[in-house]
Every structure is written in C-alpha cells, then in structure tokens.
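Numbering (my numbering), first residue to last: 16 to 199. Glycine is no exception: its CB is placed at the ideal position from the N, C-alpha and C atoms. As the structure is a computational prediction, the values presented were derived from the model and not from experiment. This report concerns only the one structure given below.
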C-alpha cells in the first residue's frame, strides 16, 4: 500500500537521525568535544519531522482508517503506538531542555542529555520495528483496497497544507547535516 510505503520511507530517515544521535551522545558521554547545539538541532528534527510530519500522518490518517476498519484504539496496537508517540515527545522535550542547559554552561546536564537521547533512540528503534513488522501489514490487510489510495492523498494534504510547503525537504536536509556532523 502506498501509504505504508511512505511511512516506512520516513522511518528510514528517522533511523538515520537516531543513528547520529547515538553516535554523538556516545561522544558526549566519553568526554569528546561535540557541538552542544547538535542536540537542539536533533530535537528540532524529531519535533518537526518525526512528530510533525510522520506521526501526524499516522495519528490523523492511518490510525483513524484502521479504527474505521475495526481495529480498536484501546487495548490494541494503535493504543500502544500512541503511547510510544507520547513517550517519545517526553524524551525529546527533556533532551532539548537539557541541551539548552548545557549550552548555557550547566555541565551536569550531560547526564540528562544522555538519558533522554538514548531513551528516545531505544524507544524509536522498537517502535519503528513494531510498526514496520506488525502495524503496517495489519493496516494493509484491514483497510479496504478502495480506501487505501485515499490515505496517500490525505498524506499529501498533510504534507502541503498542514505541515507547510518545503518543510519535508527542510528536515531531510537537516537529517543529512546531522549525519555529516556525526561522521566527523
């Protein structure tokens, strides 16, 4: 289904940023010099792309379509994915707050950055695997074929009307910049 392929392609971009976050967090934890603003930029990517573009499509389009096809929100995979989304938001807010404290000179904030950055990466790796291996195949099975094409159209609407023209590309460029920085 085109809609789940779009979401899986976005997962690959998110995984690239997660990998950079793991690398730079490891460097920070081992005392290497890193640009502290890296974590603010990574947080911006998470908020703008993972949450703002990607999760918005899932929460606003895919999950309601699955519910309409009979998959319950509570006590099932949709509820679990929504809980993961919220837990990711908490990790991201806490990582950003700690990064801002570190930029302001609060050296003990390093531990908070590490805890939240690595908590986020662990959560998202598992979350992505559950969506790719369980939730998306389930969606392809339960959503009627005649409704599946509508999902991709709705994704496009979110991409251009709600998120904003060029925003997706902005975050792809940020992902590439974070990757380059992590490989230095």
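Check your understanding: For residue 16, which option in 151, 187, 193, 195 has the closest C-alpha, if you only look at C-alpha atoms?
Key -> Residue 16 has its Cα closest to that of 151, out of 151, 187, 193, 195.
Exercise for review: My understanding is that residue 132 touches residue 51, with C-beta atoms under 8 angstroms, so please give their C-beta distance in whole angstroms.
Suggested key: Not really, about 12 angstroms apart at Cβ, beyond 8 angstroms.
Practice item. Starting from residue 79, follow the alpha helix (DSSP H) in both directions and report where the run begins and ends. Key: Annotation for residue 79: the continuous alpha helix (DSSP H) segment containing it runs 78-83.
Practice item. Could you check how far apart the C-beta atoms of residue 138 and residue 90 are, in whole angstroms? I think they sit under 8 angstroms. Key: Their Cβ separation, rounded to whole angstroms, is 20 angstroms, which puts residue 138 and residue 90 out of contact at 8 angstroms.
Review point. Apart from the five residues just before and just after residue 28, which ones in its own chain have a Cβ nearer than 6 angstroms to its Cβ?
Key: Contacts found: 190.
Review point. Mapping DSSP to helix, strand and coil, what is residue 198?
Key: Reduced to three states, the DSSP call for residue 198 is coil.
Exercise for review: Can you say whether residue 142 is buried or exposed, counting buried as having 16 or more other CB atoms within 10 angstroms of its CB?
Suggested key: Buried is the call here.
Check your understanding: Mapping DSSP to helix, strand and coil, what is residue 110?
Key -> Assignment of residue 110 by DSSP, reduced to helix, strand and coil, places it in the helix class.
Review point. Looking only at its own chain, which residues have a Cβ that is under 7 angstroms from the Cβ of residue 94, when we skip the five neighbours before and after it?
Key: Within its own chain, the residues whose Cβ lies closer than 7 angstroms to the Cβ of residue 94, once the five positions on either side in sequence are excluded, are 88, listed in chain order.
**Study point:** DSSP-derived helix/strand/coil call for residue 45
**Key:** Residue 45: coil per DSSP, three-state reduction.
Review point. Between the beta-carbon of residue 129 and the beta-carbon of residue 19, is there less than 8 angstroms?
Key: Their beta carbons are not under 8 angstroms apart, which means residue 129 does not touch residue 19 by this criterion.
Check your understanding: Can you tell me whether DSSP reads residue 158 as helix, strand or coil?
Key -> Looking at residue 158 - three-state DSSP - the assignment turns out to be coil, as it is neither helix nor strand.
Point to revise | With 16 other Cβ atoms within 10 Å as the buried cut-off, status of residue 80 | key: Residue 80 is classed as buried because its beta carbon has at least 16 other beta carbons within 10 Å across all chains shown.
Point to revise | Beta-carbon spacing of residue 54, residue 110 below 8 angstroms | key: Residue 54 places its beta carbon less than 8 angstroms from that of residue 110.
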